[in-house]
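Novice:
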Amino acid sequence: GRSSIIPTHTLPDLVKNLKRPRRVMLMIKAGKPVDMVIESLLPLLEPGDIIIDGGNSHYPDTIRRAEYVESKGLFYVGMGVSGGEEGARYGPSLMPGGSPEAWPHVKEIFQAIAAKVADGTPCCDWVGENGAGHFVKMVHNGIEYGDMELIAEAYNLMQTALGMTPDEMSRVFARWNEGKLDSYLIEITSEILAFKDEDGRPLVDKILDKAGQKGTGKWTVQAALDFGTPLTLIAEAVFARALSALKDERVAAEAVLPGPEAQFTGDRDAFIADLEDALYAAKIISYTQGYMLFRAAAEEQNWNLNYGGIALMWREGCIIRAAFLENIKAAYDRNPDLTNLLFDPYFREAVAQGQAAWRRIVARAAEWGVPLPAMSSALAFFDGYRHGRLPANLIQAQRDYFGAHTYERTDCPRGQFFHTDWTGEGGDVTSGTYNA
3 GRSSIIPTHT LPDLVKNLKR PRRVMLMIKA GKPVDMVIES LLPLLEPGDI
53 IIDGGNSHYP DTIRRAEYVE SKGLFYVGMG VSGGEEGARY GPSLMPGGSP
103 EAWPHVKEIF QAIAAKVADG TPCCDWVGEN GAGHFVKMVH NGIEYGDMEL
153 IAEAYNLMQT ALGMTPDEMS RVFARWNEGK LDSYLIEITS EILAFKDEDG
203 RPLVDKILDK AGQKGTGKWT VQAALDFGTP LTLIAEAVFA RALSALKDER
253 VAAEAVLPGP EAQFTGDRDA FIADLEDALY AAKIISYTQG YMLFRAAAEE
303 QNWNLNYGGI ALMWREGCII RAAFLENIKA AYDRNPDLTN LLFDPYFREA
353 VAQGQAAWRR IVARAAEWGV PLPAMSSALA FFDGYRHGRL PANLIQAQRD
403 YFGAHTYERT DCPRGQFFHT DWTGEGGDVT SGTYNA
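Set out below in structure tokens:
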């Protein structure tokens, strides 16, 4: 049949061949190239036309570009795209945000090419205003870091403490993939562990233990610091890759730094069952923290984020796709104003059921000297979050002692600040002018 693709060789030629409103999509390297192409397009486009950035842009750049393009009378869409090679073949997960007026003009196109869940629902919906689409993609990548680190920690425990072979571990991951941990990353982990090199030995054992990173995990952690969100698990996942990069130092340290040896005794099957529960509980914390970051950013940026829709967008077509995401969608269907995933009955019960196993795994790993930075930090977050009183009162007293940063009292109204002369008998002085 006749092709509907019209080849053009210049931007003016391209724009001339597009229907109004013109929809121009960029899939180019993030950074200055995007700004350069936008500047080239603006003189050729008219009010109501739409520029779409489908690259891996940092969300503050997308906020800036959306404001700039909208000031010219055009609409702007910053869209996160995930899926890799499989996404290109079978449909990606698409996370569009930007000018809401643009959505009716691009919705049909994007939802047609997006991956679909079993009932045919597309993994693409409107995320929110200006930089929201690229922000959601950034957090997706951060959660990806967390999921990968948690899986690597489970692998390390089975290998180091249980002495399991890659083939044995492959079968464990395959079994896990049939249950609550059903996900793309668990599935490919099983396949990776079963893969043999040309000599018939497991290829995974020959891969240098230095994990690379492109920076999107770092962006997520930086955003969490900016918004004051305790994104502890993903931060540890990023730092774990940084530690892995110190290969030569670690080899030198292994020769001189003492530590316990992992010596497992007991029921191996029971330990593996505990590990499955611990991995699931920690995964819940990873997504809980990711959604906490969404809420903090939405409040700061005045975004109206589509929380349930985001989970559905990740259900297929992307690296973190997992059956688990259906439960997040269901949680927001039950309560669109849900403040924290841990307050949803399903997730509260899931963590309660897995909590004892999670604690046993973290405790045994600490005794054996096997690092579980993501899994253990997730447990520390959970314990901190479930305590109505933390020792931050002492920290605040210290700040007031050395820096007169003031503090609030539990027996006085919130917003009333006090400073104490800790070294003398000066007593309390109330002040509302100190920056605590």
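Read left to right, the sequence shown gives residues 3 to 438 (the numbering used here). Cβ coordinates follow ideal geometry from the N, Cα and C atoms, glycine included.
How many angstroms separate the CA atom of residue 183 from the CA atom of residue 54?
Specialist: Residue mapping note: residue 183 aligns to position 181 of the sequence shown, counting from 1. Residue mapping note: residue 54 aligns to position 52 of the sequence shown, counting from 1. Cα-Cα distance, rounded: 35 Å.
Novice: Please state whether the Cβ-Cβ distance between residue 318 and residue 119 is less than 8 Å.
Specialist: For the purposes of this step, residue 318 is identified with residue 316 of the sequence shown, where counting begins at 1. For the purposes of this step, residue 119 is identified with residue 117 of the sequence shown, where counting begins at 1. It is a contact, given that the beta carbons lie within the stated cut-off.
Novice: What three-state label does DSSP hand residue 446 in the structure shown?
Specialist: Any property of residue 446 remains undetermined from this structure, which presents the chain solely from 3 to 438.
Novice: DSSP on residue 421, reduced to helix/strand/coil?
Specialist: On the sequence shown, position 419 is the one that residue 421 refers to. Note: residue 421 maps to strand in three-state DSSP.
Novice: Hey, could you find the ends of the alpha helix (DSSP H) residue 97 is sitting in?
Specialist: Along the sequence shown, read from residue 1 onward, the residue named residue 97 stands at position 95. Unbroken run through residue 97 is the beta strand (DSSP E), 95-100; no alpha helix (DSSP H).
Novice: DSSP puts residue 134 in a beta bridge; with which residues?
Specialist: For the purposes of this step, residue 134 is taken as residue 132 along the sequence shown, with counting starting at 1. Residue 134 is not bridged to any residue.
Novice: Express the C-alpha separation of residue 149 and residue 38 in angstroms, rounding to a whole number.
Specialist: By one-based count along the sequence shown, residue 38 stands at place 36. By one-based count along the sequence shown, residue 149 stands at place 147. Cα-Cα distance, rounded: 36 Å.
Novice: Would you mind giving the Cβ-Cβ distance between residue 164 and residue 266, rounded to the nearest angstrom? I have them listed as a contact below 8 Å.
Specialist: On the sequence shown, residue 164 is found 162 positions in, with the first residue counted as 1. On the sequence shown, residue 266 is found 264 positions in, with the first residue counted as 1. Confirmed, about 6 Å.
Novice: Once you ignore the five residues that flank residue 231 on each side, which residues in its own chain have a CB closer than 6 Å to its CB?
Specialist: Within the sequence shown, residue 231 is the residue found at index 229, counting from 1. Around residue 231: 294, 295, 298.
Novice: To the nearest angstrom, how far is the alpha carbon of residue 425 from that of residue 398?
Specialist: Reading the sequence shown from its first residue, position 423 is the one you call residue 425. Reading the sequence shown from its first residue, position 396 is the one you call residue 398. Each residue's Cα considered, the two are about 16 Å apart.
Novice: As a quick exercise: from 69, 113, 76, pick the residue whose alpha carbon is nearest that of residue 52.
Specialist: Position 50 of the sequence shown holds residue 52. Answer by Cα proximity: 76.
Novice: Leaving out five residues before and five after residue 143 in sequence, what residues of the same chain have Cβ atoms less than 7 Å from its Cβ?
Specialist: In the sequence shown, counting from the first residue as 1, residue 143 sits at position 141. Excluding sequence neighbours, residue 143 sits near 218, 219, 222.
Novice: Thinking C-alpha only, which one of 233, 210, 252, 104 is nearest residue 22?
Specialist: Working through the sequence shown from its first residue, we reach residue 22 at position 20. Residue 22 has its Cα closest to that of 104, out of 233, 210, 252, 104.
Novice: Can you tell me which residues form a DSSP beta bridge with residue 14?
Specialist: Along the sequence shown, one-based indexing puts residue 14 at 12. Answer is none; residue 14 lacks a bridge partner.
Novice: Name the residue from 159, 47, 245 whose alpha carbon lies nearest to the alpha carbon of residue 214.
Specialist: For the purposes of this step, residue 214 is identified with residue 212 of the sequence shown, where counting begins at 1. Of 159, 47, 245, the residue nearest in Cα terms is 245.
Novice: Let me know the secondary structure DSSP gives residue 258 once reduced to three states.
Specialist: Translated into positions along the sequence shown, residue 258 becomes position 256. In the structure shown, residue 258 sits in a helix (DSSP, three-state: H, G or I).
Novice: Rounded to whole angstroms, what is the Cα-Cα separation between residue 168 and residue 159?
Specialist: Along the sequence shown, read from residue 1 onward, the residue named residue 168 stands at position 166. Along the sequence shown, read from residue 1 onward, the residue named residue 159 stands at position 157. Whole-angstrom Cα-Cα distance: 12 Å.
Novice: Taking the alpha carbon of residue 264 as the point to measure from, which residue in 401, 369, 236 has its own alpha carbon closest?
Specialist: Taking the first residue of the sequence shown as 1, we reach residue 264 at position 262. The residue with the shortest Cα to Cα distance from residue 264 is 369.
Novice: Distance check for residue 359 and residue 68, CA to CA, integer angstroms please.
Specialist: What you label residue 68 is simply residue 66 of the sequence shown in a count that begins at 1. What you label residue 359 is simply residue 357 of the sequence shown in a count that begins at 1. The straight-line gap from Cα to Cα measures roughly 47 Å.
Novice: Does the beta-carbon distance from residue 352 to residue 151 come in below 8 Å?
Specialist: Translated into positions along the sequence shown, residue 352 becomes position 350. Translated into positions along the sequence shown, residue 151 becomes position 149. No, the pair does not count as a contact, with Cβ atoms beyond the cut-off.
Novice: Rounding to the nearest angstrom, what Cα-Cα distance links residue 102 and residue 131 in this structure?
Specialist: In the sequence shown, residue 102 corresponds to position 100, counting from 1. In the sequence shown, residue 131 corresponds to position 129, counting from 1. Cα to Cα, residue 102 sits roughly 7 Å from residue 131.
Novice: Do the stretch 280-290 and the stretch 301-312 touch if we need at least three Cβ pairs shorter than 8 Å?
Specialist: In short, these stretches do not touch, since the Cβ pair count stays below three.
Novice: How is residue 436 classed by DSSP in three states: helix, strand or coil?
Specialist: Along the sequence shown, one-based indexing puts residue 436 at 434. Residue placement at residue 436 is flagged as unreliable, the pLDDT there being 44, under the threshold of 50; a coordinate-derived value is accordingly withheld.
Novice: Taking C-alpha atoms, which residue in 20, 14, 13 lies nearest to residue 7?
Specialist: On the sequence shown, residue 7 is found 5 positions in, with the first residue counted as 1. When each option's Cα is compared against that of residue 7, the closest is 20.
Novice: Whole-angstrom Cβ separation of residue 407 and residue 416, contact assumed at under 8 Å?
Specialist: Within the sequence shown, residue 407 is the residue found at index 405, counting from 1. Within the sequence shown, residue 416 is the residue found at index 414, counting from 1. Residue 407 to residue 416, Cβ: 16 Å. No contact.
Novice: Pick from 411, 329, 361: whose alpha carbon is nearest that of residue 348?
Specialist: Numbered from 1 along the sequence shown, position 346 holds the residue referred to as residue 348. For the residues 411, 329, 361, the minimum Cα distance to residue 348 belongs to 329.
Novice: Quick check on the burial criterion: 16 or more other C-beta atoms within 10 angstroms. Buried or exposed for residue 36?
Specialist: Residue mapping note: residue 36 aligns to position 34 of the sequence shown, counting from 1. Buried is the call here.
Novice: So, helix, strand or coil for residue 32, using DSSP?
Specialist: Taking the first residue of the sequence shown as position 1, residue 32 is located at position 30. Coil, per DSSP.
Novice: Can you name, in chain order, every residue of its own chain whose Cβ lies under 8 Å from the Cβ of residue 30, other than the five neighbours on each side?
Specialist: Your numbering for residue 30 matches position 28 in the sequence shown. Cβ within range, chain order: 36, 39, 57.
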